[in-house]
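Peer 1: Sequential numbering from 1 applies to the sequence shown in UniProt numbering.
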Amino acid sequence: MSEKRSIIILIADDDAEDRMLVRDALEESRLKNSVHFVENGEELMDYLHHRGKYANSDEYPTPGLILLDLNMPKKDGREALKEIKADDRLKLIPVVVLTTSKAEEDILRTYDLGVSSFITKPVTFTSLVDVMKTLSKYWFEIVELPKL
Numbered sequence: 001m002s003e004k005r006s007i008i009i010l011i012a013d014d015d016a017e018d019r020m021l022v023r024d025a026l027e028e029s030r031l032k033n034s035v036h037f038v039e040n041g042e043e044l045m046d047y048l049h050h051r052g053k054y055a056n057s058d059e060y061p062t063p064g065l066i067l068l069d070l071n072m073p074k075k076d077g078r079e080a081l082k083e084i085k086a087d088d089r090l091k092l093i094p095v096v097v098l099t100t101s102k103a104e105e106d107i108l109r110t111y112d113l114g115v116s117s118f119i120t121k122p123v124t125f126t127s128l129v130d131v132m133k134t135l136s137k138y139w140f141e142i143v144e145l146p147k148l
């Protein structure tokens with residue numbers, strides 16, 4: 001059980017308020033995993049490839065799960081997802097889209113690109129906590145993840 005807790009969660013979201021709410025919801029759900037945040041798709045790819053300010057792989061370890069917003073500046077979540085799933089080293093990392101989008105086109109396109117799950121961001125904090133509890137139970141207690 002302790003091994004499952006060591007999985008790093010990387011959250012890509014450009015909205016500072018959403019990042020704070022997700023962080024608070026994860027704390028509220030008593031998730032023990034380390035959480036790292038990036039603010040756009042370019043930072044996400046820099047983190048995953050250990051480039052620039054993310055060059056230190058001890059400080060910025062490869063995540064076991066990525067929570068991905070779709071609508072971000074510089075490089076959006078769709079572009080980043082396409083790059084992740086095209087990379088042999090990164091494609092095994094489960095990616096969960098967590099976005100305000102409810103567009104059927106986004107749902108279909110992201111699943112076509114290889115997303116593991118698509119979740120529309122809940123509007124209340126209580127609902128977000130419930131989603132984070134369910135996510136953490138599913139990804140860290142039920143599912144067997146590949147060792148990366």
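Don't be surprised by glycine CBs; every beta carbon is placed ideally from N, CA and C.
Predicted model, so just to flag it, every value in this text is computed and none were measured.
Is it right to say residue 73 is buried, meaning 16 or more other beta carbons lie within 10 angstroms of its own, or is it exposed?
Peer 2: Exposed.
Peer 1: For residue 41 versus residue 148, is the C-beta distance shorter than 9 Å?
Peer 2: No. Outside cutoff.
Peer 1: Alpha carbon to alpha carbon, how far is residue 99 from residue 119? Give it in angstroms, no decimals.
Peer 2: When rounded, the distance between both Cα atoms is 7 Å.
Peer 1: In chain order, what are the residue ranges of uninterrupted alpha helix (DSSP H) at least 4 long that sit wholly in the UniProt domain "Response regulatory" (8-136)?
Peer 2: Entirely contained in the UniProt domain "Response regulatory" (8-136), the alpha helix (DSSP H) runs reaching 4 residues are, in chain order, 16-28, 41-48, 77-86 and 104-113.
Peer 1: Residues in its own chain within less than 7 Å of residue 29 by CB, not counting five upstream and five downstream?
Peer 2: Around residue 29: 129, 132, 133 and 136.
Peer 1: Below 7 Å CB to CB, which residues in the same chain sit around residue 31 once its five sequence neighbours on both sides are set aside?
Peer 2: Around residue 31: 132 and 136.
Peer 1: Comparing the C-beta of residue 30 with each C-beta of chain B, is any distance below 9 Å?
Peer 2: Reference to chain B is not applicable here, since this structure consists of a single protein chain.
Peer 1: Does the structure place the stretch 96-116 close enough to the stretch 52-59 that three or more beta carbon pairs sit under 8 Å?
Peer 2: No, the stretch 52-59 does not touch the stretch 96-116.
Peer 1: Apart from the five residues on each side of it in sequence, which residues of its chain come closer than 6 Å, Cβ to Cβ, to residue 114?
Peer 2: Closer than 6 Å at Cβ, skipping near neighbours: 85.
Peer 1: Comparing alpha-carbon positions, which option in 16, 143, 69 and 139 lies nearest residue 33?
Peer 2: Cα-wise, what sits closest to residue 33 is 139.
Peer 1: Within 10 angstroms of the Cβ of residue 95, are there 16 or more other Cβ atoms? Answer buried if so, exposed if not.
Peer 2: Counting Cβ neighbours within 10 Å, residue 95 comes out buried, since at least 16 surround it.
Peer 1: I'd like to check one pair, residue 7 with residue 108: are the Cβ atoms closer than 9 Å?
Peer 2: No. Outside cutoff.
Peer 1: How about residue 69 and residue 24: are their beta carbons less than 9 Å apart?
Peer 2: No, the pair does not count as a contact, with Cβ atoms beyond the cut-off.
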